[in-house]
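What follows is a short report on a single structure.
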């Protein structure tokens, strides 16, 4: 038996931090070390994550380099813009997995436009399902975990773009549960407001995940892809259902075969049988994306629908998957592939 | 004081029938007559619609021409294909408002393709907000109420198509509550399945409301419009949020002005202030559509989002609005414009 | 036609204020005057209450006596402890209806224990369904609207206590939607926390509505009643379902007749047919309480279940009902008795 | 490495069957054998349990003794009354774990009254947390898994009854998600009906779990216990929150110590820190019960609140826990103790 990996989680009182801990508690190679927080430092984890009963009495400590040093792996689940300073001071032998946006974008101008401030840099992008990415993650010690929307939409559209089935003008409408917005105390996230209601926000290309999708899809297509993205807020805690479509390319054929070939090798991407369509509940708590694809002959469009749990495959599960790859563990270690349903 | 209108509702134990009765109970010119049902005939209405307390003891009678005769207005809320036989035998002076699909489509071939069987015919289309429709409804004695999805999407896109702001290839992704599927005993409509989950169905142009949208939008545009339509099922009882987009036409401008002009004269269509986006809860139980519109400059698309209550403006409220117009009552009589929120 | 009543609402950006305005917009004798707020003063109502479209452009003003003066009726929907100062400076001819707790309790010691600070006083208690209350409300110019839990539980248990059917040790477990907690920015009220979860709070007699229930029930029983009250928070926006039970008194009989007699004269209390049990959806948006009662012979207890909408009959609807009584309007004016369901 | 246990699940297309398979897929000592069904036999499991992706292509076979024979363990998740015939024909060396009610009650008269028909018999009762039960389960080859309500309420009240803290007249109001009713196609279980609504049913001692609670609690107390039980149906798929109270016994003291002592040795029962109250989401998908207890001094009652996932600890997780005990595996093998939240 090898020594367990000692793992710290920065931002342990938030939703991404909680999901990381839920998964790490079931990971056989891991020992949970420091749990850090901002304003919640000094309080027990149980006050913020009552579902994590085995860790209820652990005290949250301040998010500092000192607390995070001395671990084999550090997961950062911090607000955007807070990762760079910490990461710079952690040793290059420590695996740092950032669940924030700081190191996702390659283009400093895009960072500047969408997030403002100085661009921290670019780390290997933690979406192993995209062509070439898995190799770059092996042995990496710095990894940028994708956003929740880019994860499912990039996986949904990559096969079609790589195979030239569609022209590069995609339309994405993705319905998300509220946990994607984090534990933010905003009126529009109150239960009274979200239950019984669907709404939209950041319409018309205003969502910060748009440049990330554009970056991913353009890389796969080998040419610029325009993305019209509309996020919907729906009354559930977890889950994203992304409806992705684009005009069929001339002579496009073999759609299902393209997707079957893509999914055959991916342990966490499941192509549903023909006639079945994804539901987010089937992926709840699992590190999976469920896909289905069809052709709308009348409208001349390919339509791909993907479902994921935004906190699992869309954040924390993807992060643990990347840790497994980086540290040469079997990629599926400790990661559920079965949703909690109904 | 004039004599009250005597109104019958066929299909009173279903969701559309229940919503008709809720509105008719608040309509000052109406007296509620026969309430008919299929398998539920002989039972009290209260057993099926416990919210309609004032009518709890009324007994449902069989849906027959004899029961429906002798009323000034007959609302039909029956399964598709059941309206024609009854309507044919009701007098031409009786106002028959059909909430089913039987008389919505003008093209018999479209009917044949999407619904099968013989086409019953075409009645004046009960969406007064589309150009020219209101005049055709005045004095009409047969009216076909639109489907719930076509109501909100046609209203959302009509101004842009009429003004030439977009090219005629529209993409619609619309999230609906479960009541749109009626009181059908299907496993996928069970509470355990729908709560905490978003799913999709009838993807790729397979939904029967597609030809109705195509018909409406092509009429407004004056040329064929292709519609890529994907419906989502979301965990709430009522409400539709439709995200509609299309490529901007060359030289398109004055988007907001076009929508302001359209909404100015419509008592039930409300353009939200800039920066606000529709939420279905704001329209719950109200006969209204809330709209917002923007331009996605990067993607070169116009995006319009519309919200409605599928049972109110999308079905029963639209039906009562049409009755008001047909019978020369003030169009807004008895129809709430304020949602029940939060 | 008489002059409309000029009505002001203090606290118009909150949930109780919003519900007051929803109902007042449908009240035929009312003209809506000043809308006041605390921190939201200076912003348009539409930013906080997007469902109140007809009032979207009205600007919220500061909650001051100057703004509220000059109206026939002033509804106060303010945090506890803020009503007294304003009420003291409004003329005695103005009808002031307080939706807060300040004037509900008769016993200064109870006020001190449960709310702290000085007791403002006691106003006529706005629950007309309790014996003797309706008469006290006629012509009143100061009215204290009951809390949401006390409304439904007092109505549910009053008939049994008045008729001596039960011994005075009642157990109440009441499940409430989240709007009962107001628009408070607390983590446990976030949609992500409440959806898919039932929790409890203020267990063991710690909820501030306990002394109010005790006061009401003891008055009806004519002797001290002990109340064991446990509130549940359930994943919906609106509604309370209260399960109330107590040991049967010796020789208790005629249970159903007692409840039938009570409900016969009450326009807003509906006894369901035998075999049917209340559901909150049947009362959504309506000023009604739905009741059912039974005897558990094995356990020797009477069980009464009551449903209401906490914002309508439980707050704003009850307030408007009191206004109607105080000003000698028909008690049911402008108040819906039909829920919005499903 | 020992040989895996070969396990069959009868009733694999239902909710209990699905949850058994979700847990068994994560159990390291188990190999999944026959999956049987009634009307769904012949179809793939994936059509009914899309979340169980690794088993999607497995075909359901008829529920017959022949299909179930040849396994080490057979879980029965069948409608009440269907287990006896099958169990009688499976070898005495096969571990049969019945998730139905057939073998739970000791008293044939109670069976007759509550379920009707002939009493099949009584098996060791699969609630190891009750005094003496764990020993009876070791080595057992027939086990009756408790009902979902009796599981949490028995665990919540057993410590107080065993320690003589309360008098034996308990009141239980328990709010349950809809999956407790199974995948039944009934109108009141449709999503449209349950979302946004709390209702009640089987009030006044009419629920079949009442005699099971009475049996358990009377055994613990050593004298007859009367149980007043009211179940609530709340808008979520999974979870039960049980509010249990009873009059304090004279001289009762040391309440918290009693519960601490009880929970200290139970791997799946978690006493929350003082001031925290259970939420069902904290137990979602986990084989745990979360408890909190307090004294209501004014009302003179002890109040205990317990939360569980009705499908996990309340059914399938409890069944797997019993299998572990019966077969001398570590009791916690393969059973999550961490909920999926938020």
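Residue numbers (the working numbering), protein chains in the order written: chain S, 1 to 342; chain D, 1001 to 1342; chain F, 2001 to 2342; chain C, 3001 to 3342. For every residue, glycine included, the Cβ atom is placed at its ideal position computed from N, Cα and C.
C-beta neighbour in chain D for residue i, strict 8 Å
{"i": "residue 3178 of chain C", "result": "yes"}
{"i": "residue 2264 of chain F", "result": "no"}
Neighbour flag for residue i against chain S, beta carbons, 8 Å
{"i": "residue 3348 of chain C", "result": "Any answer about residue 3348 of chain C is impossible in this case: the structure gives chain C only from 3001 up to 3342."}
{"i": "residue 1203 of chain D", "result": "yes"}
{"i": "residue 1301 of chain D", "result": "yes"}
{"i": "residue 3106 of chain C", "result": "no"}
Chain F contact for residue i (CB, 8 Å cutoff)
{"i": "residue 3234 of chain C", "result": "yes"}
{"i": "residue 343 of chain S", "result": "Past the boundaries of the shown model lies residue 343 of chain S; chain S is included only from 1 to 342, so the question cannot be answered."}
{"i": "residue 1050 of chain D", "result": "yes"}
{"i": "residue 1043 of chain D", "result": "no"}
{"i": "residue 3152 of chain C", "result": "no"}
{"i": "residue 3110 of chain C", "result": "no"}
Among the options, the one whose alpha carbon lies nearest that of residue i
{"i": "residue 1257 of chain D", "options": "D:1333, D:1328, D:1298, D:1271", "result": "D:1271"}
{"i": "residue 2115 of chain F", "options": "F:2312, F:2137, F:2231, F:2210", "result": "F:2210"}
{"i": "residue 2032 of chain F", "options": "F:2003, F:2191, F:2234, F:2105", "result": "F:2003"}
{"i": "residue 1176 of chain D", "options": "D:1299, D:1303, D:1239, D:1290", "result": "D:1239"}
{"i": "residue 3278 of chain C", "options": "F:2014, F:2092, F:2194, F:2322", "result": "F:2194"}
{"i": "residue 333 of chain S", "options": "S:130, S:322, S:131", "result": "S:322"}
{"i": "residue 102 of chain S", "options": "S:59, S:91, S:147, S:95", "result": "S:147"}
{"i": "residue 2092 of chain F", "options": "F:2070, F:2248, F:2011", "result": "F:2070"}
{"i": "residue 3280 of chain C", "options": "F:2054, F:2200, F:2078, F:2174", "result": "F:2200"}
{"i": "residue 222 of chain S", "options": "S:235, S:202, S:264, S:164", "result": "S:164"}
{"i": "residue 3013 of chain C", "options": "C:3190, C:3159, C:3183", "result": "C:3183"}
{"i": "residue 3247 of chain C", "options": "C:3227, C:3064, C:3231", "result": "C:3227"}
{"i": "residue 2155 of chain F", "options": "F:2111, F:2099, F:2244", "result": "F:2244"}
{"i": "residue 2117 of chain F", "options": "F:2081, F:2172, F:2088", "result": "F:2081"}
Neighbour list for residue i in chain S, Cβ cutoff strictly below 7 Å
{"i": "residue 3253 of chain C", "result": "Those do not exist, as residue 3253 of chain C stays about 26 Å from chain S at its closest Cβ, beyond 7 Å."}
{"i": "residue 1342 of chain D", "result": "192, 193"}
Residues bridged to residue i [DSSP beta-bridge criterion]
{"i": "residue 1154 of chain D", "result": "Answer by DSSP bridge pairing: none, since residue 1154 of chain D is not bridged."}
{"i": "residue 2346 of chain F", "result": "The structure shown does not extend to residue 2346 of chain F, since chain F is modelled only from 2001 through 2342, so no value can be given for it."}
{"i": "residue 32 of chain S", "result": "S:7"}
{"i": "residue 2306 of chain F", "result": "F:2242, F:2291"}
{"i": "residue 270 of chain S", "result": "S:290"}
Beta-carbon neighbours of residue i, restricted to chain C and to distances below 8 Å
{"i": "residue 1198 of chain D", "result": "Result: empty, since nearest Cβ-Cβ is about 12 Å, beyond 8 Å."}
{"i": "residue 1189 of chain D", "result": "3190, 3191, 3192"}
{"i": "residue 284 of chain S", "result": "3051, 3340"}
Proximal residues of chain D, C-beta to C-beta of residue i below 7 Å
{"i": "residue 296 of chain S", "result": "1204, 1205, 1228"}
{"i": "residue 2270 of chain F", "result": "1053"}
{"i": "residue 2991 of chain C", "result": "Given that chain C is displayed from residue 3001 to residue 3342, the structure contains no residue 2991 of chain C and the question cannot be resolved."}
Residue i at chain E interface by Cβ criterion, 8 Å
{"i": "residue 183 of chain S", "result": "No chain E appears in this structure, whose protein chains are S, D, F and C."}
CB contact check: residue i to chain C, cutoff 8 Å
{"i": "residue 1258 of chain D", "result": "no"}
Under 7 Å from the C-beta of residue i: neighbouring residues of chain C
{"i": "residue 25 of chain S", "result": "3338"}
{"i": "residue 2245 of chain F", "result": "3171, 3228"}
Contacts that residue i makes with chain F (C-beta to C-beta distance below 7 Å)
{"i": "residue 248 of chain S", "result": "The premise fails here: residue 248 of chain S is roughly 38 Å from chain F at the closest Cβ pair, so nothing lies under 7 Å."}
Interface partners of residue i on chain S, CB under 8 Å
{"i": "residue 3288 of chain C", "result": "53"}
For a minimum of 3 consecutive residues, which ranges assigned as the beta strand (DSSP E) are wholly contained in the region 157–217 of chain S? Within the region 157–217 of chain S, the complete beta strand (DSSP E) segments at least 3 residues long are 169–176, listed from N- to C-terminus.
What runs of the beta strand (DSSP E), each 3 residues or longer, lie entirely inside the region 1035–1102 of chain D? If one requires a minimum length of 3 residues, the beta strand (DSSP E) runs lying completely within the region 1035–1102 of chain D are 1073–1076, 1095–1098, in chain order.
Complete beta strand (DSSP E) runs within the region 3098–3144 of chain C (minimum length 3 residues, chain order): Counting only unbroken stretches of 3 or more residues, the beta strand (DSSP E) elements lying wholly within the region 3098–3144 of chain C are 3142–3144, in sequence order.
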